[in-house]
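The structure under discussion appears below in the form of structure tokens.
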Amino acid sequence: MSISYPNPQRIIDALKAALPGLPLAAGGWMVNGPPSAASPTRTLHPHPSGEKVFVAWTQVPTPAQIAQVSAAVTAYVVPTEVEELRAQAKDHLTLNPSAEMKLLRATVGIMVDEINVLREWLTSFQAAVAAAATLAALKTSVAALTALPDRTLAQAKTALGAKLDTGVVD
Numbered sequence: 225m226s227i228s229y230p231n232p233q234r235i236i237d238a239l240k241a242a243l244p245g246l247p248l249a250a251g252g253w254m255v256n257g258p259p260s261a262a263s264p265t266r267t268l269h270p271h272p273s274g275e276k277v278f279v280a281w282t283q284v285p286t287p288a289q290i291a292q293v294s295a296a297v298t299a300y301v302v303p304t305e306v307e308e309l310r311a312q313a314k315d316h317l318t319l320n321p322s323a324e325m326k327l328l329r330a331t332v333g334i335m336v337d338e339i340n341v342l343r344e345w346l347t348s349f350q351a352a353v354a355a356a357a358t359l360a361a362l363k364t365s366v367a368a369l370t371a372l373p374d375r376t377l378a379q380a381k382t383a384l385g386a387k388l389d390t391g392v393v394d
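Okay, structure coming up:
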């Protein structure tokens, strides 16, 4: 799955708009770590995604200016960028015809099926508890419930193949 980060120039444009008068030169994403360490004219700011946003300055920034940019990264840049990344991920999940995405959708479908089996069993268990007037009746009712055997890897593979064969994940 490949989600591209938005245009780095948009980051610096948003920061310049949010913080007019600061000596900002450039900005972008540090996806795989910074190409070089932070320097007096390059600062790194945490991003909620776990990545870093770097900012290059035209002069050495003051600690107050660095703090302003960090706050702006969160307040002004992050919502827009995160919304775009979420939209890309949603499109990728629902519109991507690749085999990997079909497999992912089939896996999620199997998980939903398994959760529904558990929910059905819990509903039956609740009904058995509610209907039991004595401990002996409760034991009998619970013992009569359908067993939930362990799933094997072979069963998981078979279920994935069935989901893919039926076309429900296309």
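Numbering (the numbering used here), first residue to last: 225 to 394.
Where a beta carbon is used, it is the ideal one built from N, C-alpha and C, also for glycine.
Since we're looking at a predicted model, the values are computed, not measured.
Residue(s) in a DSSP beta bridge with residue i
i, result
"W345", "Bridge partners of W345: none, in fact."
Under 8 Å between C-beta atoms of residue i and residue j
i, j, result
"V284", "K326", "no"
"L198", "T318", "Only positions 225 to 394 of the chain appear in the structure, and residue 198 is not among them; the question remains open."
"L243", "V293", "yes"
"L369", "A352", "yes"
"P321", "W281", "no"
"F349", "V336", "no"
Exposed unless 16 or more other CB atoms sit within 10 angstroms - verdict on residue i
i, result
"Q289", "buried"
"A355", "exposed"
"K387", "buried"
"L342", "exposed"
"A361", "exposed"
"A296", "buried"
"S228", "Legend: pLDDT at S228 = 44, less than 50; position of this residue unreliable, no value from coordinates given."
"P258", "Any reading at P258 must be qualified, since the residue scores a pLDDT of 43, below 50, and its modelled position is unreliable; the value itself is stated next. It is exposed - the Cβ of P258 has fewer than 16 other Cβ atoms within 10 Å."
"R375", "exposed"
Reference residue i; option with closest CA among the options
i, options, result
"L377", "A361, I334 and A352", "I334"
"T390", "R329, A357 and T347", "R329"
"A291", "T364, E344 and L239", "L239"
"Q379", "T364, E338, P287 and D315", "E338"
Inside the stretch 311–355 only - alpha helix (DSSP H) runs reaching at least 4 residues: Within the stretch 311–355, the runs of alpha helix (DSSP H) at least 4 residues long that lie entirely inside it are, in chain order, 323–355.
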